[in-house]
Amino acid sequence: MIAQAVVDRAELPGMLATLCYYQDCFGPYHPQTLRLMTQVGIAYSQAGEQPLAKALLEHVVRDLARVLGADHDLRLRAIAALRDLFVAQGDYERAVSVQKELLECQLARLGRDHPETLAARDRLGRLWVEEIGRCAKV
Numbered sequence: 317m318i319a320q321a322v323v324d325r326a327e328l329p330g331m332l333a334t335l336c337y338y339q340d341c342f343g344p345y346h347p348q349t350l351r352l353m354t355q356v357g358i359a360y361s362q363a364g365e366q367p368l369a370k371a372l373l374e375h376v377v378r379d380l381a382r383v384l385g386a387d388h389d390l391r392l393r394a395i396a397a398l399r400d401l402f403v404a405q406g407d408y409e410r411a412v413s414v415q416k417e418l419l420e421c422q423l424a425r426l427g428r429d430h431p432e433t434l435a436a437r438d439r440l441g442r443l444w445v446e447e448i449g450r451c452a453k454v
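So the numbering used here is basically just the index in the sequence shown, starting at one, shifted up by 316.
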């Protein structure tokens, strides 16, 4: 999985301006536009702007499936960012759901014994444990 670089909050206005330019120049479904939209969603999440990050990442995940395919690297990165956002919010039920989708994509793309698939399966197990632990505390 692609590592996510930390973005300084001060960079967000420039990223948004570039995103608007990309949407005007390339269109909303161009891979470059969707790539930057993913980066902006991750930056919003890192800046604590969870509602904006969630809306943008959900939009990107949906559009990337249509444009580049369900198991494209960029879509998997956006799914992982969405999962991390749900974990940060303590929404383990949604995090598990998103992780299941990520695992299914990894299985289809890489096979069941690939290290990234095994890591996705392990992450799903850990999320289930967290979800069960939270349910037990309630």
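Note that CB positions come from ideal geometry on N, CA and C, so glycine has one too.
- With contacts defined by Cβ atoms closer than 9 Å, R399 and A381 do not form a contacting pair.
- A straight line joining the alpha-carbon of M331 with that of R325 spans about 10 Å.
- Of the candidates L440, L352 and D340, L352 places its Cα closest to the Cα of H375.
- Only exposed fits Y345, as fewer than 16 other CB atoms lie within 10 angstroms of its CB.
- Distance from the CA atom of D438 to the CA atom of C336, rounded to whole angstroms, is 38 Å.
- Exposure of C341 is indicated by the presence of fewer than 16 other C-beta atoms within 10 angstroms of its C-beta.
- DSSP places A363 outside both helix and strand once states are collapsed to three, so it counts as coil.
- Inclusion of L419 and L440 in the CB contact set at 9 Å is warranted, their separation being smaller than that value.
- Sequence-distant partners of I395 (beyond 5 residues in either direction) whose C-beta falls short of 8 Å from its own C-beta, in its chain, are V377, V414, E417, L418 and C421.
- Runs of alpha helix (DSSP H) with 4 or more residues, each lying fully within the segment 409-435, are absent.
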